[in-house]
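Asker: Chains as they are written, first to last, in the UniProt record's numbering: chain A, 1 to 202; chain B, 1 to 202.
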DNA sequence: TGGAAAACATGACGCTTGGCAGGTAAGTTC
DNA sequence: GAACTTACCTGCCAAGCGTCATGTTTTCCA
């Protein structure tokens with residue numbers, strides 16, 4: 001329940017606060033009750049705001065969701081950037097990077113993203129909103145990764161990166177449904193072994 | 001539009017026909033308009049049946065969805081079994097198996113499954129219905145795969161299998177949002193190379 | 001300090017949803 | 001062919017949905 005702070009606030013502060021409260025509440029809903037049940041009612045209740053307020057910021061629900069996507073991606077991006085910033089180079093860096101990618105793509109933020117992703121498949125408007133920010137996230141993360149694997153051929157590093165991303169997304173899906181966590185960990189360890197192997201030799 | 005065939009039919013025939021018509025229509029809806037918009041109205045319209053009929057077979061919507069899951073999994077299973085049946089052994093078999101898994105997990109059937117999966121995350125009832133059939137599907141597929149990779153240590157084959165499954169699921173998600181098909185193909189080819197490498201050597 | 005403007009609340013709208021009561025038609029059984 | 005069971009349809013309901021017109025509060029600026 002993201003309560004809106006009371007007291008004396010400038011207009012800009014008010015605006016910003018309720019806006020982010022709304023977006024955070026949206027993400028909360030996506031994570032906890034899923035897209036199909038994330039109604040405007042529920043969202044503004046959690047944000048501690050009236051339905052009229054959300055109307056004031058977002059003309060339609062789709063607009064709200066689109067804004068949530070960007071809000072979400074920004075969060076994910078800074079989170080990933082922060083953890084990827086201090087990576088060791090070399091083979092141990094590869095393993096560490098995979099761990100970080102897994103953490104990034106299996107957290108609650110990514111859960112919300114998945115929810116929106118799947119919903120976007122059959123919703124052109126949402127889809128149009130998601131694609132650019134998602135691509136930007138991918139590219140930005142790849143940038144960070146590339147720095148770690150400086151001595152690896154660029155194409156090779158990209159391959160490893162995208163393979164890892166897609167694998168972790170698949171694993172995240174498995175986790176959401178309640179698959180065996182032990183097996184997931186095993187698979188991740190195995191993949192790290194393989195990646196390091198490919199990284200050092202070939 | 002899965003029209004129900006008319007003419008003289010026994011009770012059992014009628015029952016079976018409208019039941020599968022209903023389930024097929026449900027899958028259609030999941031694929032075309034997604035879970036959140038797959039209303040009972042839409043489903044029974046597509047099946048060419050009234051809302052009362054679906055009530056007669058499934059007391060609640062969740063029950064319908066649960067039945068759809070099983071229907072879906074059965075279909076996927078027979079499809080996979082058919083294509084996995086005639087696989088060559090050895091390294092070339094591994095590559096072929098990966099291709100087949102990709103095809104299986106990226107088709108329309110799997111799209112519907114993903115839709116249900118994500119919905120199930122926040123819906124305990126649906127979740128309870130999905131888990132057992134999904135696990136059974138996984139195990140059954142693994143059985144088939146194991147036969148191909150007979151000379152590989154069992155644990156190793158399982159690892160390869162689950163890695164492939166999760167990777168393809170991630171790729172399928174990417175495909176659904178309209179990611180670059182060329183890159184997906186490249187990644188799959190690369191993974192096949194890696195898998196063969198791991199299969200023959202270590 | 002007062003009036004304009006922005007932020008927010010309220011309540012009602014038209015519509016769709018899932019679920020159900022009650023009736024009709026078709027098949028089965030004897 | 002009559003009694004009975006099963007399959008299926010029509011029409012309705014309460015609840016929830018997204019959206020909007022209108023009113024109230026808060027901040028801003030001259």
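Note that the Cβ used here is the ideal one computed from N, Cα and C, for glycine as well.
Report the CB separation of residue 137(A) from residue 35(A) in whole angstroms; it is logged as a contact under 8 Å.
Answerer: Contact flag wrong, Cβ pair sits at about 19 Å.
Asker: Inspect the CB distances between the segment 173-187 of chain B and the segment 151-163 of chain A and report whether three or more fall short of 8 Å.
Answerer: Cβ pair count under 8 Å is three or more, so yes.
Asker: Suppose the cutoff is 6 Å on Cβ atoms and the five residues either side in sequence are ignored; what does the same chain contact list for residue 81(A) look like?
Answerer: Cβ within range, chain order: n/a, list empty.
Asker: Counting C-beta neighbours from all protein chains within 10 Å, is the total for residue 154(B) 16 or more, i.e. buried, or is it exposed?
Answerer: By the 10 Å Cβ count, residue 154(B) comes out exposed.
Asker: Would you grab the beta carbon distance between residue 54(A) and residue 22(A) for me? Rounded to a whole angstrom, and I think it's under 8 Å.
Answerer: Yes, residue 54(A) and residue 22(A) are in contact; Cβ-Cβ is about 6 Å, under 8 Å.
Asker: Determine the chain A residues that contact residue 178(B) at a beta-carbon separation under 8 Å, and present them in chain order.
Answerer: 127 and 131, listed in chain order.
Asker: Can you name the residues of chain A whose CB is closer than 7 Å to the CB of residue 119(B)?
Answerer: Result: 34 and 36.
Asker: For a cutoff of 9 Å on Cβ pairs, would you count residue 185(A) as touching chain B?
Answerer: By this cut-off, residue 185(A) is not an interface position.
Asker: If you measure beta-carbon to beta-carbon, which residues of the segment 157-170 of chain B are closer than 8 Å to chain A?
Answerer: Residues passing the 8 Å Cβ filter: 159, 162, 163, 165, 166, 167, 168, 169 and 170.
Asker: Measuring only between beta-carbons, confirm whether residue 24(B) sits less than 9 Å from chain A.
Answerer: Answer no: the Cβ-Cβ gap between residue 24(B) and chain A never drops below 9 Å.
Asker: With the cut-off set at 9 Å, would you say residue 164(A) and residue 195(A) are in Cβ contact?
Answerer: The answer is yes: Cβ separation under 9 Å.
Asker: So, with DSSP's three-state summary, where would you put residue 152(B)?
Answerer: DSSP places residue 152(B) in coil when its eight states are reduced to three.
Asker: Helix, strand or coil: which one does DSSP assign to residue 88(B)?
Answerer: It is coil, neither helix nor strand.
Asker: Using a 10 Å radius around the Cβ and a threshold of 16 neighbouring Cβ atoms, would you call residue 59(B) buried or exposed?
Answerer: Flag for residue 59(B) reads exposed.
Asker: Kindly provide the ranges of any alpha helix (DSSP H) runs that are 4 or more residues long and lie completely inside the segment 17-61 of chain B, ordered along the chain.
Answerer: Fully enclosed alpha helix (DSSP H) runs of 4 or longer: 40-47 and 51-57.
Asker: Using a threshold of 9 Å, state whether the C-beta atoms of residue 67(A) and residue 177(B) are closer than that.
Answerer: For residue 67(A) and residue 177(B), no; Cβs fall outside 9 Å.
Asker: Quick check on DSSP: helix, strand or coil for residue 74(A)?
Answerer: Residue state, collapsed to three classes: helix.
Asker: If we define contact as Cβ-Cβ less than 9 Å, is residue 27(A) a contact residue for chain B?
Answerer: So, not an interface residue.
Asker: Is any beta-carbon of chain B found at less than 9 Å from that of residue 174(A)?
Answerer: Yes - at least one Cβ of chain B is within 9 Å of the one on residue 174(A).
Asker: Can you give the Cα-Cα distance for residue 28(A) and residue 45(A), rounded to whole angstroms?
Answerer: Whole-angstrom Cα-Cα distance: 12 Å.
Asker: For residue 191(B), which residues in chain A fall below 7 Å Cβ to Cβ?
Answerer: Residues of chain A passing the Cβ test: 163.
Asker: For residue 10(B), does the three-state DSSP call read helix, strand or coil?
Answerer: Correct three-state label for residue 10(B): coil.
Asker: Could you check how far apart the C-beta atoms of residue 32(B) and residue 122(A) are, in whole angstroms? I think they sit under 8 Å.
Answerer: That pair is a contact at about 7 Å.
Asker: Counting contacts by CB-CB distance shorter than 9 Å, is residue 122(B) in contact with chain A?
Answerer: Yes, contact with chain A.
Asker: If the criterion is Cβ atoms closer than 9 Å, does the pair residue 95(B) and residue 200(B) meet it?
Answerer: It is not a contact, given that the beta carbons lie outside the stated cut-off.
Asker: Between which two residues does the alpha helix (DSSP H) carrying residue 108(B) extend?
Answerer: Per DSSP, residue 108(B) belongs to the alpha helix (DSSP H) from 108-121.
Asker: Alpha carbon to alpha carbon, how far is residue 169(A) from residue 72(A)?
Answerer: Going from the Cα of residue 169(A) to the Cα of residue 72(A) covers about 16 Å.
Asker: Closest by CA to residue 101(A), which one among 167(A), 50(A) and 51(A)?
Answerer: Among 167(A), 50(A) and 51(A), the Cα nearest to that of residue 101(A) belongs to 167(A).
Asker: Determine the closest residue to residue 106(A) out of 125(A), 74(A), 174(A) and 13(A), with distance taken between C-alpha atoms.
Answerer: Minimum Cα distance to residue 106(A) is reached at 174(A).
Asker: Should residue 99(A) be flagged as near chain B, meaning a C-beta pair shorter than 9 Å?
Answerer: Closer than 9 Å: no.
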